[in-house]
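Peer 1: In UniProt numbering, the protein residues as written are 1 to 296.
One structure follows; several queries about it will come next.
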């Protein structure tokens, strides 16, 4: 059920809070790009069961007010206000794809509250040569337009995404066609496709401005270095990921001081769905370790 709160800047932010409110530490989920809080519905039972999951629509997505000039620091601040609103003293963070950078921003902003970070098929900072060299033609084009012709990028994005809210299944099919055969079959499954379409409709409820803002944030220099993140980070990287490829995951892990990389030979960009059991096992292990820490 959609809920909302008011941020420090007076914006309305929508969020979901589902699952078991008692017991283990909750997980703050940062959705992909494009995306919304409804991506929580895509998580398999192996990952969701017995845990409390919280996700908020980033500015301009879903039912959250847009914030022109959005920064990664402001997204992390929104996460902190939500944690305060819910009375969360400690929690894990999981960021999927374009949500990965924001998960790290939350860890940077709240190192005393974020116990661990899990990056699933995450994008990386373009300032790292290893990441930039992994860019495909589309990534390079977005990077150049966002930095040097943002007005043109926004216009092209509106054209590209025209009609997606009415027929999201076409967008999903085009996206799946660029991925592995296994991904294609998974995303075409009726239950998964229905949830993906719901998420896309919600993500683009206000049009493409929020998506354009998101791309701008992700392609600008990040407000922190990976070396500044002191919270333990799990990097989940599929070797068959053609969206954020193996080189990106390896670069992220190499620069994060407390990173543990999980290379999944059969994994692709959808590893959050296909390898949910492995991610859940790591979360449970994180929880066990956290329980052994002395009270602060």
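Heads up, the beta-carbon is just placed ideally off N, CA and C, and yes, glycines get one too.
Suppose the cutoff is 7 Å on Cβ atoms and the five residues either side in sequence are ignored; what does the same chain contact list for residue 296 look like?
Peer 2: In this predicted model, residue 296 has a pLDDT of only 46, less than 50, meaning its place in the structure is not dependable; the value taken from the coordinates is given anyway. If we look at residue 296 and ignore the five residues flanking it on each side, it has no Cβ neighbours.
Peer 1: Can you round the beta-carbon distance between residue 61 and residue 97 to whole angstroms, since I take them to be within the 8 Å contact cut?
Peer 2: Not quite, the Cβ-Cβ distance comes to about 14 Å (not below 8 Å), so this is no contact.
Peer 1: Checking contacts by CB at 8 Å: is residue 139 closer than that to chain D?
Peer 2: Of the protein chains in the structure, only one exists, and it is not chain D.
Peer 1: Please specify which runs of the alpha helix (DSSP H), each continuous and at least 4 residues long, are wholly inside the stretch 147–202, giving them in chain order.
Peer 2: You should have 150–160, 168–177, 181–188.
Peer 1: Pick out the complete beta strand (DSSP E) segments inside the stretch 49–116, 3 residues or longer, and give them in chain order.
Peer 2: You should have 52–56, 91–96.
Peer 1: To the nearest angstrom, how far is it from the Cα of residue 129 to the Cα of residue 287?
Peer 2: So the alpha carbons of these two residues sit roughly 35 Å apart.
Peer 1: How would you write the range of the beta strand (DSSP E) that residue 16 sits in, first residue to last?
Peer 2: Residues 12–19.
Peer 1: Is the beta carbon of residue 239 less than 8 Å from the beta carbon of residue 246?
Peer 2: Cβ atoms of residue 239 and residue 246: closer than 8 Å.
Peer 1: Taking the alpha carbon of residue 30 as the reference point, which residue from 122, 89, 111, 46 has its own alpha carbon closest?
Peer 2: Cα-wise, what sits closest to residue 30 is 122.
Peer 1: Just to confirm, is the Cβ distance from residue 63 to residue 133 under 8 Å?
Peer 2: No, they are not a contact pair.
Peer 1: Helix, strand or coil for residue 241, going by three-state DSSP, please let me know.
Peer 2: DSSP places residue 241 in coil when its eight states are reduced to three.
Peer 1: Given residue 258, which residues of its chain have a CB within under 8 Å of its CB, disregarding the five upstream and five downstream residues?
Peer 2: Hits under 8 Å: 229, 230, 231, 232, 233.
Peer 1: Assuming residue 145 and residue 153 are in contact, meaning their beta carbons sit under 8 Å apart, how far apart are those beta carbons, in whole angstroms?
Peer 2: Right, their Cβ atoms sit about 4 Å apart.
Peer 1: What residue from 25, 67, 41 has the CA that sits closest to residue 50's CA?
Peer 2: The shortest C-alpha separation from residue 50 is found at 25.
Peer 1: Note the first and the last residue of the continuous alpha helix (DSSP H) segment covering residue 215.
Peer 2: 209–219 is the extent of the alpha helix (DSSP H) around residue 215.
Peer 1: Am I right that residue 236 and residue 101 are in contact with their C-beta atoms under 8 Å? What's the rounded C-beta distance?
Peer 2: With 8 Å as the limit, residue 236 and residue 101 do not qualify as a contact, their Cβ atoms being about 15 Å apart.
Peer 1: Could you tell me if residue 265 is buried or exposed, where buried requires 16 or more neighbouring beta carbons within 10 angstroms of its beta carbon?
Peer 2: Answer is exposed; the Cβ neighbour count stays below 16.
Peer 1: Looking at C-alpha atoms only, which residue of 59, 54, 43 is the closest neighbour of residue 18?
Peer 2: Answer by Cα proximity: 54.
Peer 1: Going by C-alpha distance, which of 99, 48, 84 is nearest residue 217?
Peer 2: Ranking 99, 48, 84 by Cα distance to residue 217 puts 99 first.
Peer 1: Since residue 308 sits in a beta bridge, which residues does DSSP pair it with?
Peer 2: The question about residue 308 has no answer here: the residues shown for the chain are numbered 1 through 296.
Peer 1: In angstroms with no decimal places, state the Cα-to-Cα distance between residue 119 and residue 73.
Peer 2: Each residue's alpha carbon lies about 18 Å from the other.
Peer 1: Is the number of C-beta pairs between the stretch 80–90 and the stretch 199–211 that are closer than 8 Å three or more?
Peer 2: The stretch 80–90 is not in contact with the stretch 199–211.
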